[in-house]
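Student: When the letters of the sequence shown are read in order and numbered with full-length UniProt numbering, they come out as residues 1 to 184.
Just so you know, even glycine gets a beta-carbon here, dropped at the ideal spot from N, CA and C.
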Amino acid sequence: LDYLYYLGLEVRAFVRDKDKVPEDLRNKVELIEGDVTNAKEVANAVADRDAVVVILGTRTDLRRTTVMSQGMKNIIEAMKAHNVELVSICLSAFLFFKLEAVPTIFRSVTEDHQRMFDLIKSSDLKWIAIFPPHITETPKSRYTVTFDSSPGRVISKYDLGAFLVECLENPNYYQKICGIATVS
1 LDYLYYLGLE
11 VRAFVRDKDK
21 VPEDLRNKVE
31 LIEGDVTNAK
41 EVANAVADRD
51 AVVVILGTRT
61 DLRRTTVMSQ
71 GMKNIIEAMK
81 AHNVELVSIC
91 LSAFLFFKLE
101 AVPTIFRSVT
111 EDHQRMFDLI
121 KSSDLKWIAI
131 FPPHITETPK
141 SRYTVTFDSS
151 PGRVISKYDL
161 GAFLVECLEN
171 PNYYQKICGI
181 ATVS
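#1: Are the Cβ atoms of Q70 and L95 separated by less than 8 Å?
#2: Is it true that the CB of S108 sits closer than 8 Å to the CB of L168?
#3: Which term fits S92, buried or exposed, when burial requires 16 or more other beta carbons within 10 angstroms of its beta carbon?
#4: Buried or exposed: K121, going by 16 or more other Cβ atoms within 10 Å of its Cβ?
#5: Using a Cβ-Cβ cut-off of 8 Å (strictly less than) and excluding sequence neighbours within five positions of L62, which residues of its own chain qualify?
#6: If I128 sits next to Y173, beta carbons under 8 Å apart, how far is it from one beta carbon to the other, in whole angstroms?
#7: Buried or exposed for Y6, going by 16 or more other Cβ atoms inside 10 Å?
#8: At 4 residues or longer, what runs of the alpha helix (DSSP H) sit wholly inside the stretch 86 to 159?
#9: Which residue spans inside the stretch 22 to 54 form an unbroken beta strand (DSSP E) run of at least 3?
#10: Output the distance between the C-alpha atoms of V102 and D159, rounded to the nearest integer angstrom.
#11: Give the range of the alpha helix (DSSP H) segment to which K80 is assigned.
#12: Figure out for me which residue from T37, R16, D2, A47 has the closest Cα to the Cα of L25.
#13: Could you pull out every residue in the same chain whose Cβ sits closer than 8 Å to the Cβ of V67, ignoring the five residues on either side in sequence?
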């Protein structure tokens, strides 16, 4: 969010808990607290936007879920209702592999990421699917992006965040699967 503010973008962040947003950012962006599984709340958040960046997760809960895919469905419906075409989605590098190759502990979350990806692929929106590897707290550095494969094993959350926004302005990324990783 700090990077978006730095770019001078007008940002509306739809979050499940405003208290989790760093205090220094709370007055720099418009925060809407809500539930991504509530279609009306999602539609209100998407209204009057030029693009959407989707970063849905389960925090540390790795049990079977459809919260992310239900949220993605609501986001797609809201985007169509409000004529918003551009969307970037943070998914998982595990989607580059067959499910059997994914560590058992991550399979349920990976299945829901796959459902999210299937929904966006069939949406007719201008989407960019980013499949990041392990996301670290390391400082912003240099990163590389490849289509349909993972270029490495880690990515800084700052670099990932920057790409999720920057890719929206480049039609070469539309309807593409992007692997991303820190360049060592």
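Tutor: So, from the data block:
#1: The answer is no: Cβ separation not under 8 Å.
#2: Cβ distance not < 8 Å, so L168 and S108 don't count as in contact.
#3: The residue in question, S92, is buried, as its Cβ has 16 or more Cβ neighbours within 10 Å.
#4: In the assembly as shown, K121 is an exposed residue. Its beta-carbon has fewer than 16 other beta-carbons within 10 Å.
#5: Once the five neighbours on either side are set aside, the close Cβ partners of L62 are I105, F106, S108, V109.
#6: Rounded, the Cβ-Cβ distance is 5 Å, consistent with contact.
#7: Residue environment: Y6 is assigned as exposed (fewer than 16 neighbouring CB atoms within 10 Å of its CB, all protein chains considered).
#8: Counting whole runs of 4 or more residues, the stretch 86 to 159 contains the alpha helix (DSSP H) stretches 107 to 121.
#9: List check, beta strand (DSSP E) in window: 30 to 33, 51 to 54.
#10: If you take the alpha carbons of V102 and D159, they lie about 24 Å apart.
#11: 67 to 81 is the span of the alpha helix (DSSP H), which, as asked, contains K80.
#12: Taking only the C-alpha atoms, the option nearest L25 is D2.
#13: Once the five neighbours on either side are set aside, the close Cβ partners of V67 are V36, T37, L56, T58, D112.
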